[in-house]
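Reading through the structure tokens given below for one structure.
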Amino acid sequence: MLLGYARVSDSSQNHDLQMDALRAAGCERIWVETASGARADRTELARLLEQARPGDTIACWRLDRIGRSLRHLTEMAEQLERRGIALRSLTESIDTSTPSGRFLFNILGALGQMEREIIVERTKAGLRASRLRGRVGGRPRALDQTKLTIAQTLMVNGNLSMAEIARQVGCAPSTLYRSLPGGRRGSTMMAATIPDGGGTVREMAATA
């Protein structure tokens, strides 16, 4: 059975063009939706996917009417294929029930994988850049107790600025202020002793 799906983003648009094309293609039933393509909770699409049976073909006017993204589209096509259901785009001449249609969809799948890998790589690059600035996962890196003690000792000595002390312990100045009792106010009143075990403050900072 050929099943149709038509979608527009809001009520200011109409489904006529899509409906005419789906009827002309021979769709026996058509599910009609008014919803943004970015929404995951599309009621009519969910009903269509639930009612489709092995041997059926789901037709849409264009692939962007049914898929939220290239990734979503390829995942849906794979799920439908496992259920024995084909997917057809009327305007893009893609039909996963045919060898040529499957070939074209495999190309889309490769593009979808590339899209995912690009997103992952951008995320990793962003995290690497954040770490270089003393931040992890979008939040400033907290100081452990050893580095905090070193920072407090350097502050008591009074020879370095807060920015220089932050560099010594490997964090941003804002992270250092946040880690100190009393924050910025407490930084001018801080007193600490060098931990047992010997070594100069700079040696401790270098090995922390």
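Read in order, the letters of the sequence shown correspond to residues 862 to 1069 in my numbering.
All residues carry an ideal CB built from backbone N, CA and C; glycine is no exception.
These numbers were taken from a predicted model, which means no experiment stands behind them.
Nearest-angstrom Cβ-Cβ length linking residue i and residue j, presumed shorter than 8 Å
i: T918; j: S958; result: 6 Å
i: G928; j: M937; result: 6 Å
i: T1036; j: L1004; result: 7 Å
For residue i, the residue or residues it bridges with in DSSP
i: G945; result: G945 pairs with nothing; no bridge assigned.
i: T895; result: V869
i: R890; result: L864
i: C921; result: Y866, S950
i: I955; result: S950
Residues near residue i in its chain [Cβ-Cβ closer than 7 Å; skip 5 each side]
i: R923; result: S950, T952, E953
i: A1024; result: P1034
i: E942; result: T957
Cβ-based burial, residue i [other Cβ within 10 Å; buried from 16]
i: G987; result: exposed
i: S873; result: exposed
i: L878; result: exposed
i: V981; result: exposed
i: Q1029; result: buried
i: D956; result: buried
i: A1027; result: buried
i: S1040; result: buried
i: M1011; result: The sequence shown places Ile at residue 1011, rather than the Met named in the question. Buried: at least 16 other Cβ atoms inside 10 Å.
i: E894; result: buried
i: R903; result: buried
i: A913; result: buried
i: F964; result: exposed
i: L993; result: exposed
i: T984; result: exposed
Own chain residues within Cβ distance below 6 Å of residue i, not counting five before or after
i: G865; result: L883, C888, I891, A920
i: R926; result: R868
i: M880; result: A867
i: E1064; result: Confidence is the limiting factor: at E1064 the pLDDT is only 43, short of 50, which leaves the residue's position unreliable and the question unanswerable from this model.
i: L1021; result: L1015
i: E905; result: W892, E894
Contact set for residue i: own chain, Cβ-Cβ below 8 Å, skip 5 residues either direction
i: S897; result: S870, D871
i: E911; result: none
i: S961; result: none
i: N875; result: V869
i: G916; result: M862, G945, I946
i: G908; result: The question names Gly, but residue 908 in the sequence shown is Arg. Within the same chain, R908 has close Cβ partners W892.
i: F966; result: T935, A938, L948, I955, T957
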